[in-house]
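In my numbering, the protein residues as written are 529 to 645.
Backbone N, C-alpha and C define an ideal beta-carbon position, used for all residues, glycine too.
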Amino acid sequence: FKVRSFKPFMASEKANDARLNSAVEFGRAEMGESSEFHDSVLRAVLYALMELVKNVDSSEVLAHLTLNIPNYYGDMTQRELAVDLADYLAKRLDQLRPEEASAARVLRELIKNQRLG
529 FKVRSFKPFM
539 ASEKANDARL
549 NSAVEFGRAE
559 MGESSEFHDS
569 VLRAVLYALM
579 ELVKNVDSSE
589 VLAHLTLNIP
599 NYYGDMTQRE
609 LAVDLADYLA
619 KRLDQLRPEE
629 ASAARVLREL
639 IKNQRLG
């Protein structure tokens with residue numbers, strides 16, 4: 529994944545304090561068509577995590593996820609990638625942001641157990 533500018537993704541750019549935005553900090557940012565990131569599976573997963581952290585109903589979160597991932601039902605690799613990203617984030621964020629890690633585990637299971645058809 530390549531972007532022209534990393535600044536929209538950074539929560540802090542200070543030396544020794546640089547870090548990426550959390551899903552909650554991203555919020556609805558970078559969802560517009562002008563963003564290089566807007567139609568990526570990762571952006572959709574981060575948006576879903578933000579919704580779960582904010583206690584949005586899980587059925588709504590899944591509905592939004594299917595709308596935010598292009599060809600969600602037509603290309604099963606998109607769903608698999610969403611599961612893999614949620615799993616990675618759950619493991620990676622466990623110590624840094626436990627609430628987001630928990631939301632990532634919930635999202636992973638929601639996608640895995642989603643009925644298709």
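Exercise for review: Quickly, what does DSSP pair serine 540 with across the bridge? List them, please.
Suggested key: Arg547
Exercise for review: Starting from the C-beta of leucine 590, find all residues in its chain whose C-beta is less than 7 Å away, skip the five residues before and the five after it, and write them out in chain order.
Suggested key: Leu638 and Gln642
Review point. Taking all protein chains shown into account, do 16 or more other C-beta atoms lie within 10 angstroms of the C-beta of alanine 604, making it buried, or fewer, making it exposed?
Key: According to the sequence shown, residue 604 is methionine rather than alanine. Exposed.
Point to revise | Run of the alpha helix (DSSP H) containing asparagine 599, from where it starts to where it stops | key: Here asparagine 599 belongs to no alpha helix (DSSP H), and DSSP marks it neither H nor E.
Practice item. Could you tell me which of Asp615, Leu644, Arg547 and Leu570 sits nearest to arginine 633, measuring between CA atoms? Key: Asp615
Check your understanding: For aspartate 585, does the three-state DSSP call read helix, strand or coil?
Key -> The three-state reading of DSSP puts aspartate 585 in coil, since its state is none of H, G, I, E or B.
Exercise for review: Please check the pair alanine 631 and leucine 574, which I expect to be a contact at CB under 8 Å, by giving their CB distance rounded to whole angstroms.
Suggested key: With 8 Å as the limit, alanine 631 and leucine 574 do not qualify as a contact, their Cβ atoms being about 10 Å apart.
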